[in-house]
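Trainee: Just so we're aligned, residue 503 is where the sequence shown starts under the working numbering, counting upward by one. Handing you a structure now.
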Amino acid sequence: MPQHQDGSHQSVPPPKPRNTLHALTSAALVLPGLLIAPGHAAGTDRINFQYSRYQEGERNLFGVPQSLKPITADVLHGSGNFSLTDRTKFSFGYTQDTWSGATPITISPLVANGNRPILSNTEAGVVVVGASPIINSSVYLDRDLNPIQRDPQGGQLQGKDSRSVMVMSSASPETRHQANFGLSHERNEAAINIGGGFSRERDYKSSYGNIGGRLDFNQKLTSVKFGGGYTHSEIGAILDPDASPYITKTAFSQQITSRGGSEILQGNRYDWVANVGLTQVLTKIAFIDANIGYTRSEGFMENPYKVMSVIFIDPAALNNSQTTPIAGDLRALIEQRPNIRNQVAINTKYVQHIGAFDAALHLGYRLSVDDWGINTHTFDANWVQPIGSGWTLTPRIRYYSQDAASFYRPYLFSKQTYLRNEVDSLGRQIWIDTKNPNVQYFGDSIFNLVDQNGNSVDGLSVSAIAKTMSFDAGKLPDNFSSDHRLAGFGAISGGVTLSKMLGKGVALEAGFEYYTRVSSLQIGSGNNSFADFDYYVANAALKFDIEPANLSLPTGNSSHHQDSSKHHHHKTHPAGIMFGHMLDKPGDFMMGYRFMLGKSDGSMMHGAHKVSDQTVVDQGCNDATPCRFTPAYMNMRMHMLDIMYAPTKWLNVMLMPTFMDMDMNLRELAGRPPPVPGVHEHGGASGHETGAVGDTYFSSFIKLINIPGHRIHMNLGLSAPTGKVDIELRRMAQIDGGLIHFGMQLGSGTWDFMPSLTYAGEKSRWSWGAQLSGVKRMEEKNKSGYRLGDIFQATTWGGFDLTQWLTAFVRGAYTLQGAVQRDFDSFNARIGPMDFPANYGGQFWDVGLGLNAIIPSGRFAGNRFGFEWIQPVKNDFNGFQLDRKGALAATWSYRF
């Protein structure tokens, strides 16, 4: 959730001879990201694209193998900065990240066996193949409450073992979408900026706004910055259906609702941020930047997926003057944090140009303190070194130390029983009739009961059970958490960024950083080494400067084609057409972005007809496996980057990396067979999500005909299998689901040939075209054992210029797609038709309606935008599939 409290340097005004601060920062004195690299003017409009990969190392489970993959995250980020006027700029940013893997849910004594070994029968005998989280358990303690280890074979008690361990649980892939927008305006001696945005994920939504400004003094050698912001967050955490029955949730019972078989823990959080800062030019080659920020947070501050291990001890066993070990009852309670947090952070940065190396040294320090007791210190250093020919190398190092929150504990002891027998005012134990809970009995055992009138009762005949009550929450601390991120620890990280300035305002950047958390590195030392881990982050970025240009679009229809050809601005094609155009001039470069959204919803279909649930149950899977679930809806989103270059006038080459995410909700089929023990089931409202890098396309375009009014080109493309095809379902009730459905995997998993032939024509205000395209799988199967079906598509379109810069299109398309070939060669739970190869592909007829716009003049001249809605008009599905509802295609492109 964006906090906007780092006090980063504000945007600088347009360059002026007396603007010393601008001159200094232009000389490579600021951090990458703020660095104005050679050839990038301060006022230049820019669009950036970046992909990052986060990968954690495995946690120490002390001898139990980790069958769950560590946490990974794939992050796609795009941003832009555009000048609306000489002094006004608009900025935007979009971030999409998908997280998955094993995450800690609590910390417990190692002897509690929280990461329970999973055993498997092999030819060599029974072996341990992984770990399964068990958050409730029993432990034995000595009289000083030290945990005691037990022999795993015979169960005999051994010596004291005070080690702790994080209990790990799998996390389903989850995707977050965040967008932000900003508007800034510069004056001669001041600037103001406003911004806002939102972040959305399945269980967390936030919206925020901010305002800030800058005042310049002393001939712009001194700048004062100030700002403030507000964020409102809504939490709707879907509690893990496997763990929820074992978690004590009484403290949040009023905030938990039920939906679709899931428990939803709801809450609201509010954050206010204010900061002020000072930038001072010290000399011609050095400046200092200092900021102080204040953040106040209120509301639901807990992580709803973290629990606290509490060991309940019977006081009678503790005070019986015996020397034998004490039995402890370990239970899991949702963590409870304070509902208010006040935090103050001070940031300082010193930047010095090193003339001997034509480099810049950055030294930074950050101090943060809050009323939770978390005091942090951060020291960082960067060296920005130009190395010639447009290359810049930036190594960096960072040290971080944190004190533990005042309410952090690995686990808690409570000297009371988790459940105790309830007694009446006379001290008699209360029993209830299971057939009529409103009837109570009294006595010290089931064989010695009386009713309210004192008459003897046969406890067995009335099925009496003892009435119990939960522990006294007042005997627990007001706040507690075992989240390792609130513990005291130290960390050190190091990395390097390499950037290269290409021609025509294009820059490439790649970076890598390694981070290690080590308890002993904490200032004052730490004592939670069981939580130590490491991770790395790798990223790659493309940055494009967009220079305003006037296209001088013609005003008369008669000369339209001639002028268009002269300026290489042929009429474009609908947004849903891929590989539909070429660059005309050798040396031209085009950058484009393409977004596609596909939606499926509504009824289950067989061929061209709707079918009932019972038909799907009986026929949708196979004779041996009746269907139990079916999709309720599915959304597919694809982000593509079009990078095209023309080495000659007849040949273009293109690279198209893709980034995908999908979500699907399932519903239980009416008439399905009852659950079977040991068979994977889907439950709750959480659904499935997948996302990360998809397949990567390489294409060569060959111009065949280019005469006035008519163009034909051929595309010879290849798709590289960079998308995952081995994503697995999350375990449910400790039962594996195996590989996720074919349609939720992120790529084909095979090398694919993707040819196309495109014709385009135009006359006056009219344009038209047609394309034949296909996908041919070039391998028999992928790493998971199957192969997607081949695809053939034929489409034709017509367009009409509504204005000189706006064109409307109508398009028809026919698609033939084969069923999935072969099958998974690894386990798949087979819960519905989406898990069977025959239920994919078919014949589809679609109609598309779209608009294309090209900005003819001004600051955004040359930018092209396209939008198309593609509506299904006829479907003939292979097997049983969810009905298609339509697709949206949106494109942006710019030629350099």
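Backbone N, C-alpha and C fix where the C-beta goes; we use that ideal spot for every residue, glycine too. Just so it is clear, the structure is predicted and the values come from calculations on it, not from any experiment.
If you check the beta carbons only, do Gln782 and Ser725 fall under 9 Å apart?
Mentor: Their beta carbons are under 9 Å apart, which means Gln782 touches Ser725 by this criterion.
Trainee: Helix, strand or coil: how does DSSP classify Asp1337 here?
Mentor: In this structure, Asp1337 counts as helix in the three-state DSSP scheme.
Trainee: Per DSSP, what are the beta-bridge partners of Val846 in this structure?
Mentor: Note: Val846 sits in a beta bridge opposite Tyr796 and Val871.
Trainee: Whose C-alpha, out of Ala1134, Tyr1199 and Ile1372, is nearest the C-alpha of Val484?
Mentor: In the structure as shown, the chain begins at 503 and stops at 1398. Residue 484 is therefore absent and cannot be evaluated.
Trainee: If we ignore side chains and look at the alpha-carbon of each, how far apart do Phe1382 and Met1107 end up?
Mentor: So the two alpha carbons sit approximately 6 Å from each other.
Trainee: Apart from the five residues just before and just after Phe949, which ones in its own chain have a Cβ nearer than 7 Å to its Cβ?
Mentor: Gly961, listed in sequence order.
Trainee: For the segment 955-1000, which segments carrying the beta strand (DSSP E) assignment without a break, of at least 3 residues, lie completely within its bounds, in sequence order?
Mentor: Those beta strand (DSSP E) runs which fall completely within the segment 955-1000 and span 3+ residues are 966-968 and 970-972.
Trainee: Using the beta-carbon count (16 or more within 10 Å), is Tyr1288 buried or exposed?
Mentor: Tyr1288 should be labelled buried.
Trainee: Flag this pair as yes or no: are the beta carbons of Thr1393 and Ala1077 separated by less than 9 Å?
Mentor: A contact, by the Cβ cut-off of 9 Å.
Trainee: Is it right to say Leu928 is buried, meaning 16 or more other beta carbons lie within 10 angstroms of its own, or is it exposed?
Mentor: It counts as exposed.
Trainee: If contact is defined by three or more beta carbon pairs under 8 Å, each pair taking one atom from either stretch, is the segment 1143-1152 in contact with the segment 1087-1094?
Mentor: A contact exists between the segment 1087-1094 and the segment 1143-1152.
Trainee: Please report the distance separating the alpha-carbon of Leu717 from that of Leu1274.
Mentor: Their backbone Cα atoms lie some 59 Å apart in a straight line.
Trainee: Which runs of the alpha helix (DSSP H) fall wholly inside the segment 765-841 and span at least 4 residues, in chain order?
Mentor: Listed in chain order, they are 817-820.
Trainee: Have a look at Glu736, Leu895 and Thr825 and flag the residue whose alpha-carbon is nearest the alpha-carbon of Gln757.
Mentor: Ranking Glu736, Leu895 and Thr825 by Cα distance to Gln757 puts Glu736 first.
Trainee: With respect to the alpha helix (DSSP H) encompassing Val1118, which residues constitute its N-terminal and C-terminal limits?
Mentor: Counting along the chain, the alpha helix (DSSP H) containing Val1118 begins and ends at Asp1115 to Gln1121.
Trainee: So, Ala989 versus Lys1045, is the Cβ gap smaller than 9 Å?
Mentor: No, they are not a contact pair.
Trainee: Quick check: the Cα distance between Tyr1017 and Asp1047, rounded to an integer number of angstroms?
Mentor: C-alpha separation (whole angstroms): 32 Å.
Trainee: Does the segment 761-769 come into contact with the segment 823-833, if we say contact requires no fewer than three beta-carbon pairs (one atom in each stretch) closer than 8 Å?
Mentor: As far as the Cβ criterion goes, the segment 761-769 does not touch the segment 823-833, which means the pair count is below three.
Trainee: Taking Ser664 as the reference, give the member of Ile1237, Asn1030 and Asp1103 with the closest Cα.
Mentor: It is Asn1030 whose Cα lies nearest to the Cα of Ser664.
Trainee: If you draw a straight line from the alpha carbon of Pro912 to that of Pro611, how long is it in whole angstroms?
Mentor: Taking the straight line joining both Cα atoms gives about 8 Å.
Trainee: Measure the alpha-carbon distance for Thr527 versus Gly890 and round it to whole angstroms.
Mentor: With a pLDDT of 36 at Thr527, under the threshold of 50, the predicted position of this residue should be treated as unreliable, though the coordinate-derived value follows. If I take the Cα positions, the gap works out to 19 Å.
Trainee: Output the distance between the C-alpha atoms of Val1402 and Gly996, rounded to the nearest integer angstrom.
Mentor: The structure shown does not extend to residue 1402, since the chain is modelled only from 503 to 1398, so the question has no answer here.
Trainee: In the structure shown, what three-state DSSP assignment does Pro888 receive?
Mentor: Reduced to three states, the DSSP call for Pro888 is strand.
Trainee: How would you label Asn1217, buried or exposed, when you count the other beta carbons within 10 angstroms and need 16 or more for buried?
Mentor: Label assigned to Asn1217: buried.
Trainee: Is the beta carbon of Thr1132 less than 9 Å from the beta carbon of Asp1120?
Mentor: Taking 9 Å as the Cβ cut-off, Thr1132 and Asp1120 do not qualify as a contacting pair.
Trainee: Give me the residue from Tyr1316, Ile1209 and Gly1343 with the minimum Cα distance to Val1322.
Mentor: The shortest C-alpha separation from Val1322 is found at Gly1343.
Trainee: Excluding sequence positions up to five away, which residues of its chain have a Cβ less than 7 Å from the Cβ of Gly1291?
Mentor: Closer than 7 Å at the Cβ level, and outside the excluded window around Gly1291, lie Gln1319, Gly1320, Ala1321, Val1322, Gln1323, Tyr1342 and Gly1343.
Trainee: For the beta strand (DSSP E) that contains Trp601, what are its first and last residues?
Mentor: Looking at the DSSP string, the run of the beta strand (DSSP E) that includes Trp601 is Thr590 to Pro611.
Trainee: How about Gln931 and Gly945: do their beta carbons lie closer than 9 Å?
Mentor: Yes. Within cutoff.
Trainee: Could you tell me the boundaries of the beta strand (DSSP E) in which Lys1387 lies?
Mentor: Per DSSP, Lys1387 belongs to the beta strand (DSSP E) from Phe1382 to Arg1397.
Trainee: Would the beta-carbon of Asp1385 fall within 9 Å of that of Ser1102?
Mentor: A contact, by the Cβ cut-off of 9 Å.
Trainee: Distance, Cα to Cα, Asp576 vs Ser1359?
Mentor: Distance between the alpha carbons of Asp576 and Ser1359: 38 Å.
Trainee: Determine the DSSP secondary structure at Asn1023, reduced to helix, strand or coil.
Mentor: First, the amino acid is wrong: residue 1023 is Leu here, not Asn. Three-state DSSP puts Leu1023 in a helix.
Trainee: Do you know how far the Cα of Lys727 is from the Cα of Gln721?
Mentor: About 16 Å.
Trainee: Name, in chain order, the residues that DSSP records as bridge partners for His1182.
Mentor: Answer is none; His1182 lacks a bridge partner.
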